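Student: Pasting a structure below so you can have a look.
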Amino acid sequence: MTPAEHDGSDLLAGFSAIVRRDLLLAWKRPGDALNPLVFYAMVSTLFPLATGPSQQQLLLNGPGVLWVAALLATLLALNGLFVSDYEDGSLDQLILSPQPLPLLVLGKSVAHWLTTGLPLVLVSPVIAMTFSLPTEITGILLLTLTLGTISLSLLGSIGAALTVGLNRGNALLSLLILPLAMPVLIFGARTVSLAVAGDATSSGVYFLAGYCMLNLSLAPFATAAALKISNE
Amino acid sequence: MWTFFHKLASPPHFYRIAPAFIRVFAVTGLVLIGWGSWGGLFEAPIDYQQKDAFRIIYVHVPTAYLSMMAYSIMAVSATIGLIWRMKLAHAVAAGAAPLGAWFTFLALATGSIWGRPMWGTWWEWGDPRLTSQLLMLFLYFGYMALRSAIDDPLKADKASAVLALVGAVNIPIIHYSVYWWTSLHQGQTVMEGKMPPEMLNPLLINILGFTLVFGALLLYRVRSEVLYRERRSRWVRELVLGGEMR
Numbered sequence: 363m364t365p366a367e368h369d370g371s372d373l374l375a376g377f378s379a380i381v382r383r384d385l386l387l388a389w390k391r392p393g394d395a396l397n398p399l400v401f402y403a404m405v406s407t408l409f410p411l412a413t414g415p416s417q418q419q420l421l422l423n424g425p426g427v428l429w430v431a432a433l434l435a436t437l438l439a440l441n442g443l444f445v446s447d448y449e450d451g452s453l454d455q456l457i458l459s460p461q462p463l464p465l466l467v468l469g470k471s472v473a474h475w476l477t478t479g480l481p482l483v484l485v486s487p488v489i490a491m492t493f494s495l496p497t498e499i500t501g502i503l504l505l506t507l508t509l510g511t512i513s514l515s516l517l518g519s520i521g522a523a524l525t526v527g528l529n530r531g532n533a534l535l536s537l538l539i540l541p542l543a544m545p546v547l548i549f550g551a552r553t554v555s556l557a558v559a560g561d562a563t564s565s566g567v568y569f570l571a572g573y574c575m576l577n578l579s580l581a582p583f584a585t586a587a588a589l590k591i592s593n594e
Numbered sequence: 006m007w008t009f010f011h012k013l014a015s016p017p018h019f020y021r022i023a024p025a026f027i028r029v030f031a032v033t034g035l036v037l038i039g040w041g042s043w044g045g046l047f048e049a050p051i052d053y054q055q056k057d058a059f060r061i062i063y064v065h066v067p068t069a070y071l072s073m074m075a076y077s078i079m080a081v082s083a084t085i086g087l088i089w090r091m092k093l094a095h096a097v098a099a100g101a102a103p104l105g106a107w108f109t110f111l112a113l114a115t116g117s118i119w120g121r122p123m124w125g126t127w128w129e130w131g132d133p134r135l136t137s138q139l140l141m142l143f144l145y146f147g148y149m150a151l152r153s154a155i156d157d158p159l160k161a162d163k164a165s166a167v168l169a170l171v172g173a174v175n176i177p178i179i180h181y182s183v184y185w186w187t188s189l190h191q192g193q194t195v196m197e198g199k200m201p202p203e204m205l206n207p208l209l210i211n212i213l214g215f216t217l218v219f220g221a222l223l224l225y226r227v228r229s230e231v232l233y234r235e236r237r238s239r240w241v242r243e244l245v246l247g248g249e250m251r
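In the order they appear, the protein sequences are chains W and U. Anchor point for the first sequence: position 160 equals 522 in our numbering, and the numbering is continuous, going up by one each time. Anchor point for the second sequence: position 57 equals 62 in our numbering, and the numbering is continuous, going up by one each time.
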């Protein structure tokens, strides 16, 4: 393909082809997409069982528990982000394709978020209800979790790209990504807690939105660089 | 000047000239630490609030500063290694990581010991600096784990360099998000000129001394790293077979 063919529609075509392909793959294997969701619900169940059913305590810990569970569930789903592509050789094709790799990688992240992040966000009001969090905070919960899980998907893709092809990649991925994910956790959980207490939440939401933009613009480049190194 | 740097980038040359620097840095650094610690422990006046407990500052501040310094060195040399494919730069990054982790650990340990008389607890989650140092330690662990998980050294260099860069972009964000919590840690006194000179001077001397010792340790590590990495090259073979290389 000559460089002249690189117009805008061409770029969009590659991006949407990747998104469609990954969504189709997820659709064909619904179990893979459901696992993180079940994991999310189960981790959220662990905390009340471990700390006691007192409603006061659940109200206090609920936002934190929801966020920790969401973080872990996203991590769980990240392991497989590039593994099957690496094993069947599609990763080589992605890297060799004339489309810019960061854009294709962004497509994979988008598909990953649509299949794991979005379901987590949608199911969280139900879990929040079981923690007796007030229903007024549903809006802020959905908003912060949306921004946060997008950031986590993008950050995690860097880690997944760095560890693809390594035998002990799973534990390593968590070790690499968890410290980087702390800002999302701190701001996400704290903002929801503030909302529960009835305080102003805009600063936390602004931070999460800004962080999400930063990750959207920079993470695909880091992931692309990491993929090229891992696939050498 | 430039030829000096050019030659420095060559592993055999670096291997040859490093010991002189190591010796100078180590000796000067240890002398300065001795001087600074003497001044800090015996000559500096007692703090009106913290009594003698404040004196751990003469170890705590230098280690905390170097824990961050090591990460910057790591990130900068990783960048140099990625862009200019300089072998020595990757060796520097590899050598700086464990040192940085150790200094981070020391900063945490001294901070915790200091926290015991001041706050009444060994660990205080409400303190942002302690928490962000802990996250820093985890970042070092992740970096070292990734490096050791990849068998191919060239690949390990590049992959860990990407991680170091991602970490460098994120460290300020992690730092400030942890600060969003309310702080217990006393404000930075060093830069605000609130310390009397008898207290401040030993601290500055110790910071310089610790930095020099850190430099010596780093050079030592890098030198060993270079020797290991170049183990199949001719100059190492000649070095081993022909005795000390002069």
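Glycine is no exception: its CB is placed at the ideal position from the N, C-alpha and C atoms. The model shown is predicted, which means the values in this text are computed figures rather than measured ones.
Would you mind working out which of M404(W), G527(W), G469(W), L570(W) sits nearest L385(W), comparing C-alpha positions?
Tutor: Counted from its first residue, the first sequence places residue 385(W) at position 23. Ranking the options by Cα distance to L385(W), first place goes to G469(W).
Student: Pick out whichever of S519(W), I548(W), N529(W) has its Cα sitting closest to the Cα of L580(W).
Tutor: For the purposes of this step, residue 580(W) is taken as the residue at position 218 of the first sequence. Taking only the C-alpha atoms, the option nearest L580(W) is S519(W).
Student: Nearest chain W C-beta to A106(U) closer than 7 Å, yes or no?
Tutor: What you label residue 106(U) is simply residue 101 of the second sequence in a count that begins at 1. Answer no: the Cβ-Cβ gap between A106(U) and chain W never drops below 7 Å.
Student: Taking the alpha carbon of L440(W) as the reference point, which residue from L463(W), G501(W), N532(W), V427(W) has its own alpha carbon closest?
Tutor: In the first sequence, residue 440(W) corresponds to position 78, counting from 1. Closest by alpha carbon: N532(W).
Student: Would the C-beta of R383(W) count as close to the ligand FAD, meaning under 6 Å from any of its heavy atoms?
Tutor: With respect to small molecules bound, the structure shown includes none, and the ligand FAD cannot be examined in it.
Student: Check the Cβ of I512(W) against every Cβ in chain U and list those closer than 9 Å, keeping chain order.
Tutor: The residue you call residue 512(W) lines up with position 150 of the first sequence. Simply none; closest approach about 16 Å.
Student: Does any residue of chain U bring its CB to less than 7 Å from the CB of P541(W)?
Tutor: Here residue 541(W) refers to the residue found at position 179 of the first sequence. Yes, P541(W) counts as interfacial toward chain U.
Student: If you measure beta-carbon to beta-carbon, which residues of the region 142-156 of chain U are closer than 7 Å to chain W?
Tutor: F143, L144, F146, G147, A150, L151, A154, I155
Student: What residue ranges within the region 99-126 of chain U form continuous beta strand (DSSP E) runs of no fewer than 3 residues, ordered along the chain?
Tutor: none
Student: Note down the Cα distance separating R228(U) from A559(W), rounded to an integer number of angstroms.
Tutor: By one-based count along the second sequence, residue 228(U) stands at place 223. By one-based count along the first sequence, residue 559(W) stands at place 197. Those two C-alpha atoms are separated by around 56 Å.
Student: Taking 7 Å as the CB-CB cut-off, is I499(W) touching chain A?
Tutor: Of the protein chains in the structure, W and U, none is chain A.
Student: For G560(W), report the span of its alpha helix (DSSP H) as first-last.
Tutor: Working through the first sequence from its first residue, we reach residue 560(W) at position 198. Here G560(W) belongs to no alpha helix (DSSP H), and DSSP marks it neither H nor E.
Student: For D132(U), which of helix, strand or coil comes out of DSSP?
Tutor: What you label residue 132(U) is simply residue 127 of the second sequence in a count that begins at 1. D132(U): coil per DSSP, three-state reduction.
Student: Which residues mark the beginning and the end of the alpha helix (DSSP H) in which D394(W) is found?
Tutor: The sequence position of residue 394(W) within the first sequence is 32, counting from 1. Its alpha helix (DSSP H) spans residues 392-413.
Student: So within the region 486-560 of chain W, which uninterrupted alpha helix (DSSP H) runs reach at least 4 residues, ignoring any that extend past its ends?
Tutor: 500-525, 531-559
Student: Looking only at its own chain, which residues have a Cβ that is under 7 Å from the Cβ of I61(U), when we skip the five neighbours before and after it?
Tutor: As a working note, residue 61(U) is residue 56 in the second sequence. Answer for I61(U): T115, I118, W119, listed in chain order.
Student: Is the beta carbon of P541(W) closer than 7 Å to that of L140(U)?
Tutor: Looking up residue 140(U) in the second sequence gives position 135. Looking up residue 541(W) in the first sequence gives position 179. Their beta carbons are under 7 Å apart, which means L140(U) touches P541(W) by this criterion.
Student: Just to confirm the assignment, what range does the alpha helix (DSSP H) spanning I210(U) have?
Tutor: Along the second sequence, read from residue 1 onward, the residue named residue 210(U) stands at position 205. Per DSSP, I210(U) belongs to the alpha helix (DSSP H) from 202-234.
Student: Excluding sequence positions up to five away, which residues of its chain have a Cβ less than 8 Å from the Cβ of L168(U)?
Tutor: The residue labelled residue 168(U) in the question sits at position 163 within the second sequence. Counting only Cβ-Cβ distances below 8 Å, and skipping sequence neighbours, we find G147, Y148, L151.
Student: Along the alpha helix (DSSP H) that carries E449(W), what are the first and last residues, could you check?
Tutor: In the first sequence, the residue the question calls residue 449(W) occupies position 87. Segment 445-450, the alpha helix (DSSP H) holding E449(W).
Student: Interface residues of chain W around K160(U) at Cβ under 7 Å?
Tutor: For this step, residue 160(U) is matched to residue 155 along the second sequence. Within chain W, the residues near K160(U) are I591, E594.
Student: What's the C-alpha gap between M1(U) and Q417(W)?
Tutor: In the structure as shown, chain U begins at 6 and stops at 251. Residue 1(U) is therefore absent and cannot be evaluated.
Student: Can you tell me whether R234(U) is buried or exposed, with buried defined as 16 or more other CB within 10 angstroms of its CB?
Tutor: Stepping through the second sequence from its first residue, residue 234(U) is reached at position 229. Looking at its Cβ environment, which holds 16 or more other Cβ atoms inside 10 Å, R234(U) is buried.
Student: Closer than 7 Å, CB to CB, is L556(W) near chain U or not?
Tutor: The residue given as residue 556(W) occupies position 194 in the first sequence. So no, L556(W) is outside the interface.
Student: Give the single residue among A395(W), L503(W), Q461(W), P410(W) whose Cα lies nearest to the Cα of S564(W).
Tutor: To locate residue 564(W), count along the first sequence from 1; it is residue 202. Nearest C-alpha to S564(W): L503(W).
Student: Would you verify that the beta carbon of S77(U) is, or is not, closer than 7 Å to some beta carbon of chain W?
Tutor: Locating residue 77(U) in the second sequence gives position 72, counting from the first residue. Not closer than 7 Å to any Cβ of chain W, the Cβ of S77(U) fails to qualify, so no.
Student: Please state whether DSSP places L189(U) in a helix, a strand or coil.
Tutor: Reading the second sequence from its first residue, position 184 is the one you call residue 189(U). Residue confidence is low: L189(U) scores 45 on pLDDT, short of 50, so the model does not pin down where it sits. Its coordinate-derived value is still stated next. It is coil, neither helix nor strand.
Student: Would you mind stating whether A154(U) and A80(U) have Cβ atoms separated by less than 7 Å?
Tutor: Here residue 154(U) refers to the residue found at position 149 when the second sequence is read from its first residue. Here residue 80(U) refers to the residue found at position 75 when the second sequence is read from its first residue. Their beta carbons are not under 7 Å apart, which means A154(U) does not touch A80(U) by this criterion.
Student: Classify F320(U): buried if its beta carbon has 16 or more other beta carbons within 10 angstroms, exposed otherwise.
Tutor: Lying before the first or after the last residue shown, residue 320(U) is absent from chain U, which here runs from 6 to 251.
Student: Decide if D132(U) is buried, meaning its Cβ has at least 16 other Cβ atoms within 10 Å, or exposed.
Tutor: One-based indexing of the second sequence puts residue 132(U) at position 127. Taking all protein chains shown into account, D132(U) has 16 or more neighbouring C-beta atoms within 10 Å of its C-beta and is therefore buried.
Student: Find out if the Cβ-Cβ distance for the pair S137(U), V171(U) is shorter than 7 Å.
Tutor: By 1-based counting over the second sequence, the position of residue 137(U) is 132. By 1-based counting over the second sequence, the position of residue 171(U) is 166. No, the pair does not count as a contact, with Cβ atoms beyond the cut-off.
Student: Mind checking if A25(U) is an interface residue toward chain W, Cβ cutoff 7 Å exclusive?
Tutor: Counting from 1 along the second sequence, the entry for residue 25(U) is found at position 20. Closer than 7 Å: no.
Student: Within the same chain, show all residues whose beta-carbon is closer than 7 Å to that of I489(W), passing over the 5 residues directly before and after it, in chain order.
Tutor: One-based indexing of the first sequence puts residue 489(W) at position 127. Around I489(W): A403, S406, L428.
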